[in-house]
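To start, the structure under review is shown below, and the notes come after it.
2 protein chains.
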Amino acid sequence: MDNDKNKRITVKDVAAALGISPSTVSRALSPEKQHLVSDRVIELVEKKSEEMGYTANPMATALKRGATKTIGMMIPDILNPIFPPLVHEIQQLTNKLGYTLTLAYTENNQELALEEVKRLIARNVDGIILASAFRKDPTVDYCLDHGKPLVQVNRVIDNLASDQVLVDDREGIYQLFEHLYKLGHRHIAHIAGPNEISSGLSRRHAFISIADMFDVSPDHAPVISARAFSELAGKDATKILLKEHPEVTAVIAANDLLALGCIEELEAVGKIIPNDISVTGFNDMPYLDWFRIPLTTVSLPQTQLGDQSVRMLLSQIRKDSDSAFPRKVLLQPRLVVRKSTTTPRK
Amino acid sequence: MDNDKNKRITVKDVAAALGISPSTVSRALSPEKQHLVSDRVIELVEKKSEEMGYTANPMATALKRGATKTIGMMIPDILNPIFPPLVHEIQQLTNKLGYTLTLAYTENNQELALEEVKRLIARNVDGIILASAFRKDPTVDYCLDHGKPLVQVNRVIDNLASDQVLVDDREGIYQLFEHLYKLGHRHIAHIAGPNEISSGLSRRHAFISIADMFDVSPDHAPVISARAFSELAGKDATKILLKEHPEVTAVIAANDLLALGCIEELEAVGKIIPNDISVTGFNDMPYLDWFRIPLTTVSLPQTQLGDQSVRMLLSQIRKDSDSAFPRKVLLQPRLVVRKSTTTPRK
DNA sequence: GTGAAAGCGCTAACAT
DNA sequence: ATGTTAGCGCTTTCAC
Numbered sequence: 019m020d021n022d023k024n025k026r027i028t029v030k031d032v033a034a035a036l037g038i039s040p041s042t043v044s045r046a047l048s049p050e051k052q053h054l055v056s057d058r059v060i061e062l063v064e065k066k067s068e069e070m071g072y073t074a075n076p077m078a079t080a081l082k083r084g085a086t087k088t089i090g091m092m093i094p095d096i097l098n099p100i101f102p103p104l105v106h107e108i109q110q111l112t113n114k115l116g117y118t119l120t121l122a123y124t125e126n127n128q129e130l131a132l133e134e135v136k137r138l139i140a141r142n143v144d145g146i147i148l149a150s151a152f153r154k155d156p157t158v159d160y161c162l163d164h165g166k167p168l169v170q171v172n173r174v175i176d177n178l179a180s181d182q183v184l185v186d187d188r189e190g191i192y193q194l195f196e197h198l199y200k201l202g203h204r205h206i207a208h209i210a211g212p213n214e215i216s217s218g219l220s221r222r223h224a225f226i227s228i229a230d231m232f233d234v235s236p237d238h239a240p241v242i243s244a245r246a247f248s249e250l251a252g253k254d255a256t257k258i259l260l261k262e263h264p265e266v267t268a269v270i271a272a273n274d275l276l277a278l279g280c281i282e283e284l285e286a287v288g289k290i291i292p293n294d295i296s297v298t299g300f301n302d303m304p305y306l307d308w309f310r311i312p313l314t315t316v317s318l319p320q321t322q323l324g325d326q327s328v329r330m331l332l333s334q335i336r337k338d339s340d341s342a343f344p345r346k347v348l349l350q351p352r353l354v355v356r357k358s359t360t361t362p363r364k
Numbered sequence: 019m020d021n022d023k024n025k026r027i028t029v030k031d032v033a034a035a036l037g038i039s040p041s042t043v044s045r046a047l048s049p050e051k052q053h054l055v056s057d058r059v060i061e062l063v064e065k066k067s068e069e070m071g072y073t074a075n076p077m078a079t080a081l082k083r084g085a086t087k088t089i090g091m092m093i094p095d096i097l098n099p100i101f102p103p104l105v106h107e108i109q110q111l112t113n114k115l116g117y118t119l120t121l122a123y124t125e126n127n128q129e130l131a132l133e134e135v136k137r138l139i140a141r142n143v144d145g146i147i148l149a150s151a152f153r154k155d156p157t158v159d160y161c162l163d164h165g166k167p168l169v170q171v172n173r174v175i176d177n178l179a180s181d182q183v184l185v186d187d188r189e190g191i192y193q194l195f196e197h198l199y200k201l202g203h204r205h206i207a208h209i210a211g212p213n214e215i216s217s218g219l220s221r222r223h224a225f226i227s228i229a230d231m232f233d234v235s236p237d238h239a240p241v242i243s244a245r246a247f248s249e250l251a252g253k254d255a256t257k258i259l260l261k262e263h264p265e266v267t268a269v270i271a272a273n274d275l276l277a278l279g280c281i282e283e284l285e286a287v288g289k290i291i292p293n294d295i296s297v298t299g300f301n302d303m304p305y306l307d308w309f310r311i312p313l314t315t316v317s318l319p320q321t322q323l324g325d326q327s328v329r330m331l332l333s334q335i336r337k338d339s340d341s342a343f344p345r346k347v348l349l350q351p352r353l354v355v356r357k358s359t360t361t362p363r364k
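If you're matching them up, the sequences are chains A and B in order.
When you number the first sequence by our numbering, it's gap-free, plus one each residue, and the end is 364.
When you number the second sequence by our numbering, it's gap-free, plus one each residue, and the end is 364.
Okay, here's the thing in structure tokens:
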């Protein structure tokens with residue numbers, strides 16, 4: 019067995035083996051500079067470096083060039099079933115385009131988020147996809163201050179300070195509300211997500227305004243706030259809802275996890291879903307089809323979300339002309355009717 | 019607005035601002051070298067670099083030191099619900115220990131896997147956690163040849179060539195088999211995972227040997243192979259099972275996804291689960307509690323899996339004496355009885 | 001078309 | 001206790 023396990027083969031080694039200069043090797047191996055080198059030498063270099071097992075050291079390249087061919091993605095939490103599909107999509111795409119995706123997790127903690135974004139930028143990522151923004155968010159400012167290409171997905175800050183790709187929350191809530199209204203519901207509650215998160219706020223606003231459009235008066239369309247987008251928060255919000263508005267026949271939860279928590283609590287007090295009360299979610303998390311109470315919900319265009327974010331980010335990185343002004347893309351969700359909704363009892 | 023957005027602040031800048039040398043700044047900021055510097059200077063440097071917004075460039079450090087404080091983890095696919103919990107666990111732990119985790123995906127494709135591991139090593143990760151090994155796997159060889167610290171989790175190659183942390187498949191199958199046997203089942207089938215994956219093979223072997231222990235003859239304990247650990251493969255395997263062994267009253271699937279596919283097919287031909295036929299899984303994927311047919315399965319000690327792998331890897335990286343010989347850790351799964359199993363019909 | 005030399009930002013000798 | 005120098009591996013002027 020060879021004893022140079024740890025010895026790295028460098029351009030120098032390849033150059034020496036070929037009796038040429040490191041610069042030539044470098045050029046021969048770089049697609050953008052190959053044209054400066056004779057075909058014969060290119061071939062020689064390619065064969066030799068392959069043979070010697072040469073792989074360029076990305077650290078050195080990055081240090082020299084300032085670009086890393088790496089993009090960073092921040093998500094709150096990989097355990098939240100919404101994110102794996104999005105990460106997958108984005109990973110596939112960036113990879114295909116020659117970039118490496120680095121994940122960072124914020125745990126929905128703004129301080130941690132800032133630390134992590136600092137780390138990403140210190141590591142010289144070429145750009146950042148932020149799927150964890152709060153409405154006021156120092157991470158966004160940090161990226162912008164440092165001139166880092168940035169796109170926000172799904173959750174955004176209040177002003178259009180960078181590219182954003184969003185799901186049309188209003189349309190989603192509209193579809194859900196209409197679905198329930200057509201079933202005959204006239205007392206519909208909303209379990210809202212945190213106000214500090216754009217999707218929480220915009221779904222809440224959408225709900226209020228759409229209730230009005232359908233001539234459902236505010237006291238027949240109560241809103242309860244959940245403190246987080248989690249099962250437990252949904253359960254707790256539902257306790258309050260049941261106490262304060264026992265008359266509601268349907269609940270639009272701001273996401274699937276809240277809806278699950280809601281169902282949990284409803285069943286705990288003996289309600290039958292959907293007969294006693296209809297419940298809807300938002301996002302269409304994986305495996306919902308398999309659930310005991312398959313949730314009626316609204317599904318995200320995950321592929322487009324990923325696609326758009328990557329494209330926008332790359333156009334920023336390449337400084338394409340169309341990236342001169344922040345852009346906002348609004349993607350459409352799709353109603354998925356399952357078994358958690360039906361006509362109101364009686 | 020300042021126009022030096024892109025300008026990186028370096029040790030040199032901080033040193034210049036303080037009228038001292040870069041090395042002193044470097045030392046003052048490095049925990050291991052601080053003791054070589056006067057307390058007064060340390061304080062000065064810390065304040066100044068904070069004030070100037072200095073962050074070390076990890077590329078440069080890596081290039082110089084040869085170590086990146088980065089560890090790589092390879093998983094087949096982030097969409098497989100087994101992996102997020104494991105990734106989460108490992109991520110938390112490595113982060114706490116000052117390491118950054120980089121993920122790579124193999125899509126269960128050996129060639130892609132090799133490419134990815136090469137990339138990780140080219141990027142100079144300090145070690146690799148491999149959760150995607152095949153029984154014969156060039157990725158393992160590649161790591162070993164390059165002297166990279168490596169631990170295999172959950173799926174391993176045939177020989178003990180590096181540290182491994184495993185779930186005790188035999189124990190898991192035993193618990194499931196015993197559970198079904200006690201319920202009265204005497205015709206139990208196994209839907210096996212691919213033979214090329216260690217967990218597929220070892221669960222199959224476990225099944226065969228345990229059937230024998232319980233004096234269930236081989237023709238009352240048929241084994242059907244699925245081509246992958248997926249829902250679809252489970253469905254297809256079940257078609258064959260139903261044709262060839264209509265008499266079975268219970269199925270032990272090699273993992274949850276296979277079990278789901280199995281259930282899908284059984285229901286497609288009008289069977290009622292668990293009354294007509296009991297089905298069990300393996301792994302206890304998230305949200306199983308919520309499922310229409312909550313799966314009886316065996317749950318993995320995810321925390322320990324993550325914990326052990328990280329510890330072992332770090333002990334290799336630090337070249338602790340206990341890492342001189344490959345170690346194999348066998349963790350115990352736990353039976354989780356839900357609603358997909360009951361006494362055999364009639 | 002190719003080589004020599006400098007430098008990205010950092011740290012580890014080797015001075016002093 | 002601190003400064004000076006060199007070099008990690010690469011790319012890129014600038015020469016020829």
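Yeah, the Cβ is synthetic: ideal placement off N, Cα and C, and Gly gets one too.
Computed from a predicted structure; not experimentally measured.
Those residues which DSSP pairs with residue i across a bridge
| i | result |
| --- | --- |
| Gly90 of chain A | A:Thr120, A:Ile146 |
| Gln182 of chain A | A:Gln170, A:Lys346 |
| Thr314 of chain B | B:Thr298 |
Close-in-space but distant-in-sequence residues of the same chain around residue i (CB under 8 Å, 5 per side omitted)
| i | result |
| --- | --- |
| Glu64 of chain A | Ala46, Leu47 |
| Gln326 of chain B | Val183, Val347, Leu349 |
7 Å Cβ cutoff, residue i in contact with chain B
| i | result |
| --- | --- |
| Lys30 of chain A | no |
| Val328 of chain A | no |
| Pro212 of chain A | no |
| Ala78 of chain A | yes |
| Lys25 of chain A | no |
| Arg310 of chain A | yes |
Cβ-based neighbour list, residue i, same chain, cut-off 6 Å, excluding 5 preceding and 5 following
| i | result |
| --- | --- |
| Ala268 of chain B | Leu198, His203, Ile206, Ser296 |
| Gln109 of chain A | Leu119 |
| Asn172 of chain A | Ala149 |
| Leu219 of chain B | Asn213 |
| Phe195 of chain B | Ile228 |
DSSP-derived helix/strand/coil call for residue i
| i | result |
| --- | --- |
| Leu353 of chain B | strand |
| His208 of chain B | strand |
| Ala271 of chain A | strand |
| Ser56 of chain B | coil |
| Val241 of chain A | strand |
| Phe309 of chain A | strand |
| Arg153 of chain A | coil |
| Gly288 of chain B | coil |
| Arg363 of chain A | coil |
| Glu189 of chain A | helix |
| Arg26 of chain B | coil |
| Asn113 of chain B | helix |
| Thr256 of chain B | helix |
| Met303 of chain B | coil |
| Lys3 of chain B | Here chain B has residues from 19 to 364 only, and residue 3 of chain B is not among them. |
| Asp20 of chain A | Only weak support is given to the placement of Asp20 of chain A: the predicted model assigns it a pLDDT of 38, under 50, and the value that follows is read from those uncertain coordinates. In this structure, Asp20 of chain A counts as coil in the three-state DSSP scheme. |
| Phe195 of chain A | helix |
Sequence-distant residues of the same chain with beta carbon closer than 7 Å to residue i, five excluded per side
| i | result |
| --- | --- |
| Leu138 of chain A | Gly90, Thr120, Ala122, Ile146 |
| Leu275 of chain B | Phe247, Ser248, Glu249, Gly252 |
Residue i at chain A interface by Cβ criterion, 7 Å
| i | result |
| --- | --- |
| Thr73 of chain B | yes |
| Phe225 of chain B | no |
| His263 of chain B | no |
| Phe300 of chain B | no |
| Arg204 of chain B | no |
contact_flag[the stretch 331-345 of chain B, the stretch 167-180 of chain B] where n(CB pairs < 8 Å) is 3 or more:
With the cut-off at 8 Å, the stretch 331-345 of chain B and the stretch 167-180 of chain B touch.
Between the stretch 70-88 of chain B and the stretch 127-144 of chain A, can you find at least three pairs of beta-carbon atoms closer than 8 Å?
Between the stretch 127-144 of chain A and the stretch 70-88 of chain B there are three or more inter-stretch CB-CB distances shorter than 8 Å, so the stretches are counted as touching.
Touch test, the stretch 236-254 of chain B against the stretch 307-314 of chain B, Cβ-Cβ under 8 Å, three pairs minimum:
no
Inter-stretch contact at 8 Å, needing at least 3 Cβ pairs: the stretch 325-334 of chain B / the stretch 287-306 of chain B:
Contact fails: fewer than three Cβ-Cβ distances are below 8 Å.
Could you say if the stretch 273-292 of chain A and the stretch 254-262 of chain A meet the contact criterion of at least three C-beta pairs nearer than 8 Å?
yes
For the stretch 153-172 of chain B against the stretch 285-300 of chain B, are there 3 or more C-beta pairs whose distance is under 8 Å?
no
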